[in-house]
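Enquirer: The structure under discussion is supplied below as structure tokens; questions concerning it will follow.
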């Protein structure tokens with residue numbers, strides 16, 4: 001197998017794993033995690049094989065033709081950026097699989113959970129591997145769908161269902177913006193692969209559609225990466241089991257938006273619009289996320305809001321445009337994935353072993369859970385930016401990027417310091433508060449978590465230390481190639497733990513001091529923010545509910561207006577439109593039929609038959625009761641059939657006779673079935689409009705037919721059929737040969753339609769009036785009334 | 788309908804009509820007729836039978852549920868088209884054989900079985916509608 005085939009297999013592997021996961025879990029129970037973790041491990045090892053090439057600054061692409069007519073390929077791009085993501089996704093993924101083995105031990109649907117988790121992993125892996133736009137979009141939406149399944153895993157709780165739907169609507173809807181943006185880029189350049197797009201960057205930036213493309217792409221990235229004001233879905237997604245939170249909100253789902261921004265940085269980045277929109281949204285998100293994090297008391301919610309905050313910082317850095325900003329973004333992304341994954345898992349351990357996640361109801365766990373305490377402290381130190389952890393390096397680089405002495409940099413530096421200080425406080429509120437102080441009684445008697453639960457966070461916490469100590473190697477293999485790939489030019493990351501005095505160090509110290517201050521006054525600050533939020537009283541989360549309710553109400557109103565369920569309205573609309581279509585265009589385009597020339601010598605019997613048809617019609621109109629009208633309609637039909645017969649179409653006439661007979665029988669049956677009143681008692685003013693529509697339709701059809709017959713008749717087809725009917729199809733009856741042989745496939749379709757129509761009619765007839773209850777679902781008014 | 792005259796002649800008429808419908812179906816390839824028309828004649832026959840003796844009698848007489856008949860017809864027609872695959876010719880190609888039965892050469896073809904399928908679909912589908920409309924409230 002070639003490397004390309006193996007890469008394709010690696011991308012496919014999580015989905016294959018998802019198929020066998022339920023069965024495997026049925027056999028092995030929660031220990032299936034050990035086997036299933038081999039899937040991400042294998043992927044990790046496969047992609048590690050590229051690291052030497054990538055470190056040399058090479059780019060690996062590969063793929064297959066997908067939709068050749070649109071030049072769409074299923075192709076991947078492995079460079080410093082995507083490789084880092086792939087290693088994070090598969091590496092952390094392996095730990096998460098193990099962790100969920102312990103966390104959901106004994107859960108009746110653990111197999112299903114593994115399956116969803118692996119599917120999500122595969123989607124995320126495909127997303128970052130994608131070189132082609134369309135492939136990226138497909139995987140982008142797949143992550144939305146699979147995360148919907150994961151967040152709503154506990155589907156019996158309404159909150160979980162709501163959170164899942166919210167995530168799907170926000171991120172899936174954002175995906176549509178992204179698609180539109182990518183299509184604009186595609187149209188602009190004719191290129192639909194990221195690896196080829198960079199060369200067109202000047203052309204894209206000069207294009208008048210640049211802003212539209214940028215805004216649409218940002219619409220996708222900001223919803224996925226939970227930027228204000230789309231941040232609300234992320235904390236709500238904490239309804240998911242903790243392994244999901246740890247995975248989605250550390251290294252994967254929410255980083256997809258940041259990934260996209262980084263991927264498109266060489267193409268879209270560096271313009272004034274980019275450098276205004278991104279830092280402003282990023283900084284707003286950073287501050288709001290951090291404030292909301294401090295306000296929470298639930299461990300997971302605190303971490304969730306700090307994730308929002310960190311994503312804001314990443315967006316800020318990606319858009320800032322100063323030297324070192326891209327390097328800082330790369331470092332911070334890596335650091336955040338490690339410490340946030342670990343902290344989420346720590347929160348899960350605490351929840352799992354004590355039965356509560358409320359920080360005010362936890363205390364003194366340091367003796368009961370010493371290992372968890374150590375892991376938590378190490379991760380929090382990294383998150384707070386303390387040496388010797390990797391978070392410290394990231395933070396130093398962030399402040400290096402922000403320490404240019406112009407007004408813009410100073411503003412953002414101040415915001416970053418405030419945000420980071422709040423995050424520092426939140427980190428230690430999660431990692432320190434539950435473990436120190438007096439022992440508080442918890443719902444479950446606390447003890448150390450089992451190996452499956454502490455293994456994941458321990459590995460991540462140690463990594464946070466190791467990558468800082470071995471920063472030279474890490475920079476060479478990971479961060480420098482990543483920063484180069486983002487920037488689109490060679491960048492070298494050099495920062496290390498070696499002490500350095502300067503503005504960044506001063507800002508770091510300030511952050512830590514400020515953070516300690518906030519931590520000590522946490523309760524007071526929490527109350528103040530809560531009071532402020534109560535005073536505002538409205539947030540995007542409620543706005544989402546209002547928007548959804550409005551949408552349902554609108555569609556409900558539109559449906560009520562358009563689909564009244566009354567046959568007479570449908571008929572009126574249909575036939576009015578038919579009349580308009582038949583009559584208006586000929587007048588508009590001067591294509592009116594010429595007055596036909598009546599033949600002089602019509603035989604008497606033909607005239608008589610036509611007279612009978614007309615008499616039948618008059619009888620229909622004048623009939624006193626409906627049954628007479630139906631039978632009179634039959635008279636007209638039979639006359640037409642006789643005319644067919646006279647003009648040499650015996651088959652047609654034959655069929656027409658039968659149809660007319662059965663139509664009369666069936667209409668009469670329908671009449672009795674519907675229990676209509678025997679005659680039409682409507683007043684004249686209601687009948688007249690119907691009559692007008694009927695006359696207009698008749699007139700239109702007549703004009704149309706006359707016009708059609710004006711054109712000379714093309715005998716090509718009938719000549720062909722007459723000539724070959726006997727010789728090819730062995731049949732003398734041309735009509736039948738056409739039906740069953742020449743156009744047999746048409747007939748096959750038609751009889752299938754007849755069959756389906758019969759099924760539909762049968763079910764309609766069986767429906768008893770009154771058994772049609774109004775469907776209460778999705779009726780906003782009924783829902784509100786039932787609350 | 789409690790008409791003695793109708794009840795007396797109905798079996799005769801209906802028998803003749805069904806026979807005639809099959810005749811029309813089979814001669815259709817060379818003379819006016821075919822599956823559609825034949826099917827409609829058979830439906831008319833069954834409707835008359837239903838009007839004379841009630842829906843239950845018709846249902847008993849045709850043994851299978853009308854929709855099952857229609858489904859079998861659709862299946863037969865589809866298979867008639869698919870036979871061509873065995874002979875590596877395009878879908879729906881007419882295939883003919885000329886066996887000699889009782890000293891007479893009888894041309895048989897996949898086209899004919901296709902038309903029989905059409906006949907069955909029309910009979911089944913329209914009969915099921917007509918019957919269900921006739922049995923007011925009995926179902």
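Chains as they are written, first to last, in this note's numbering: chain A, 1 to 787; chain B, 788 to 926. Quick reminder that beta carbons are idealized off the backbone N, C-alpha and C, glycines included.
Indicate whether the contact test is met: 3 or more Cβ pairs, each with one atom in the stretch 480 to 489 of chain A and one in the stretch 359 to 379 of chain A, closer than 8 Å.
Expert: no
Enquirer: I'd like the list of long-range same chain contacts for residue 529(A), defined as Cβ closer than 8 Å, with 5 residues on each side in sequence excluded.
Expert: Residue numbering aside, residue 529(A) sits at position 529 when the first chain is read from its first letter. 291, 292, 294, 295.
Enquirer: Check whether the stretch 296 to 308 of chain A touches the stretch 104 to 119 of chain A, taking contact to mean three or more Cβ pairs, one atom from each stretch, closer than 8 Å.
Expert: no
Enquirer: Which residues of the stretch 864 to 894 of chain B have a Cβ closer than 8 Å to any Cβ of chain A? Give them in chain order.
Expert: 864, 865, 868, 878, 879, 881, 883, 894
Enquirer: Following the continuous alpha helix (DSSP H) through residue 826(B), name the residue where it begins and the one where it ends.
Expert: Residue numbering aside, residue 826(B) sits at position 39 when the second chain is read from its first letter. DSSP places residue 826(B) in the uninterrupted alpha helix (DSSP H) bounded by 822 to 840.
Enquirer: Over what stretch of residues does the alpha helix (DSSP H) that includes residue 644(A) continue unbroken?
Expert: Reading the first chain from its first residue, position 644 is the one you call residue 644(A). Where residue 644(A) is concerned, the enclosing alpha helix (DSSP H) stretches over 626 to 646.
Enquirer: Against residue 648(A), what residues of chain B qualify as contacts under a CB-to-CB distance less than 7 Å, listed in chain order?
Expert: As a working note, residue 648(A) is residue 648 in the first chain. Chain B residues near residue 648(A): none, gap ~11 Å exceeds 7 Å.
Enquirer: If you scan the stretch 210 to 281 of chain A from start to end, which runs of the alpha helix (DSSP H) of 4 or more residues do you find wholly inside it?
Expert: The stretch 210 to 281 of chain A contains these whole alpha helix (DSSP H) runs: 210 to 224, 233 to 236, 242 to 248, 255 to 268.
Enquirer: Let me know the alpha helix (DSSP H) ranges lying completely inside the stretch 276 to 334 of chain A, each 4 residues or longer, listed in chain order.
Expert: 299 to 320
Enquirer: Rounded to whole angstroms, how far is the Cβ of residue 99(A) from the Cβ of residue 365(A), which I believe are closer than 8 Å?
Expert: Taking the first residue of the first chain as 1, we reach residue 99(A) at position 99. Taking the first residue of the first chain as 1, we reach residue 365(A) at position 365. About 19 Å separates the CB atoms of residue 99(A) and residue 365(A); that is not less than 8 Å, and the two are not in contact.
Enquirer: Indicate whether at least one CB of chain A lies closer than 8 Å to the CB of residue 852(B).
Expert: The count along the second chain starts at 1 and reaches residue 852(B) at position 65. Judged by the 8 Å Cβ criterion, residue 852(B) is not in contact with chain A.
Enquirer: Within the 8 Å Cβ cut-off, does residue 815(B) reach chain C?
Expert: Here the protein chains are A and B, and chain C is not one of them.
Enquirer: Count Cβ pairs between the stretch 174 to 187 of chain A and the stretch 66 to 78 of chain A that sit closer than 8 Å; are there 3 or more?
Expert: no
Enquirer: Return the residue from the list 93(A), 260(A), 252(A) that minimises the CA-CA distance to residue 175(A).
Expert: Translated into the one-based positions of the first chain, residue 175(A) becomes position 175. Taking only the C-alpha atoms, the option nearest residue 175(A) is 260(A).
Enquirer: Do you know how far the Cα of residue 697(A) is from the Cα of residue 668(A)?
Expert: Within the first chain, the letter at position 668 stands for residue 668(A). Within the first chain, the letter at position 697 stands for residue 697(A). Taking the straight line joining both Cα atoms gives about 25 Å.
Enquirer: Please list the terminal residues of the continuous beta strand (DSSP E) segment that includes residue 913(B).
Expert: The residue you call residue 913(B) lines up with position 126 of the second chain. Following the DSSP letters along the chain, one finds residue 913(B) in no beta strand (DSSP E) but inside the alpha helix (DSSP H) bounded by residues 897 to 921.
Enquirer: With a 10 Å radius around its C-beta and 16 neighbouring C-beta atoms as the bar for buried, classify residue 405(A) as buried or exposed.
Expert: The residue you call residue 405(A) lines up with position 405 of the first chain. For residue 405(A), the number of other beta carbons within 10 angstroms of its own is below 16, and it is reported as exposed.
Enquirer: Hey, out of 331(A), 335(A), 338(A), whose CA is closest to residue 400(A)'s CA?
Expert: The residue given as residue 400(A) occupies position 400 in the first chain. Nearest Cα to residue 400(A) within the set 331(A), 335(A), 338(A): 331(A).
Enquirer: Taking the beta carbon of residue 788(A) as the centre, do at least 16 other beta carbons fall within 10 Å, making it buried, or is it exposed?
Expert: Shown here, chain A extends from 1 to 787; a query on residue 788(A) therefore has no answer.
Enquirer: List the residues of chain A that residue 913(B) touches, going by C-beta distances under 9 Å, in chain order.
Expert: Sequence index remark: in the second chain, residue 913(B) carries index 126 (1-based). Ordered by position in chain A, the residues that pass the 9 Å Cβ test against residue 913(B) are 662, 666, 754, 758.
Enquirer: For the ligand MG, any of its heavy atoms closer than 7 Å to the Cβ of residue 50(A)?
Expert: Inclusion of the ligand MG in the displayed structure is not the case, the ligand content being empty and no account of it being possible.
Enquirer: As a quick exercise: from 263(A), 307(A), 152(A), 119(A), pick the residue whose alpha carbon is nearest that of residue 226(A).
Expert: Along the first chain, one-based indexing puts residue 226(A) at 226. Checking every option, the nearest Cα to that of residue 226(A) belongs to 307(A).
Enquirer: Does DSSP put residue 403(A) in a helix, a strand or coil?
Expert: Walking along the first chain from the start, residue 403(A) turns up at place 403. The answer is coil: DSSP assigns residue 403(A) none of H, G, I, E or B.
Enquirer: Taking only three categories from DSSP, how would you classify residue 724(A)?
Expert: If you number the first chain from 1, residue 724(A) lands on position 724. Taken through DSSP and simplified to helix, strand or coil, residue 724(A) comes out as helix.
Enquirer: Please say whether residue 846(B) and residue 918(B) have beta carbons closer to each other than 8 Å?
Expert: In the second chain, the residue the question calls residue 918(B) occupies position 131. In the second chain, the residue the question calls residue 846(B) occupies position 59. Contact flag set, yes.
Enquirer: Any C-beta of chain B within less than 8 Å: which residues of the stretch 732 to 756 of chain A qualify?
Expert: 732, 733, 735, 736, 737, 739, 740, 741, 744, 745, 747, 748, 751, 752, 754, 755
Enquirer: Determine the closest residue to residue 489(A) out of 647(A), 263(A), 605(A), with distance taken between C-alpha atoms.
Expert: Walking along the first chain from the start, residue 489(A) turns up at place 489. Measuring C-alpha to C-alpha distances from residue 489(A) to each of 647(A), 263(A), 605(A) identifies 263(A) as the nearest.
Enquirer: Kindly list, in the order they appear in chain B, the residues whose Cβ is closer than 8 Å to that of residue 670(A).
Expert: Start at 1 with the first residue of the first chain, and residue 670(A) comes out as number 670. Near residue 670(A) (Cβ distances below 8 Å), the residues of chain B are 920.
Enquirer: May I ask which residues mark the beginning and end of the beta strand (DSSP E) holding residue 65(A)?
Expert: Reading the first chain from its first residue, position 65 is the one you call residue 65(A). 60 to 67 is the span of the beta strand (DSSP E), which, as asked, contains residue 65(A).
Enquirer: Checking contacts by CB at 8 Å: is residue 654(A) closer than that to chain B?
Expert: Residue numbering aside, residue 654(A) sits at position 654 when the first chain is read from its first letter. Yes, residue 654(A) lies at the interface with chain B (some Cβ there is under 8 Å from its Cβ).
Enquirer: Pick helix, strand or coil for residue 892(B), following the three-state DSSP scheme.
Expert: Position 105 of the second chain, counted from the first residue, corresponds to residue 892(B). In the structure shown, residue 892(B) sits in a strand (DSSP, three-state: E or B).
Enquirer: Hey, residue 224(A) and residue 284(A): beta-carbon distance below 8 Å or not?
Expert: For the purposes of this step, residue 224(A) is taken as the residue at position 224 of the first chain. For the purposes of this step, residue 284(A) is taken as the residue at position 284 of the first chain. No; because the gap between Cβ atoms is not below 8 Å, this pair is not in contact.
Enquirer: Got a sec: is the Cβ-Cβ distance from residue 633(A) to anything in chain B below 8 Å?
Expert: Numbered from its first residue, the first chain carries residue 633(A) at position 633. So, not an interface residue.
Enquirer: Does the separation of the CB atoms of residue 258(A) and residue 168(A) fall below 8 Å?
Expert: Here residue 258(A) corresponds to residue number 258 of the first chain, with the count starting at 1. Here residue 168(A) corresponds to residue number 168 of the first chain, with the count starting at 1. Contact flag unset, no.
Enquirer: Rounding to the nearest angstrom, what Cα-Cα distance links residue 517(A) and residue 369(A) in this structure?
Expert: On the first chain, residue 517(A) is found 517 positions in, with the first residue counted as 1. On the first chain, residue 369(A) is found 369 positions in, with the first residue counted as 1. If I take the Cα positions, the gap works out to 27 Å.
Enquirer: I need the straight-line Cα distance from residue 865(B) to residue 17(A), nearest angstrom please.
Expert: Within the second chain, residue 865(B) is the residue found at index 78, counting from 1. Within the first chain, residue 17(A) is the residue found at index 17, counting from 1. The straight-line gap from Cα to Cα measures roughly 39 Å.
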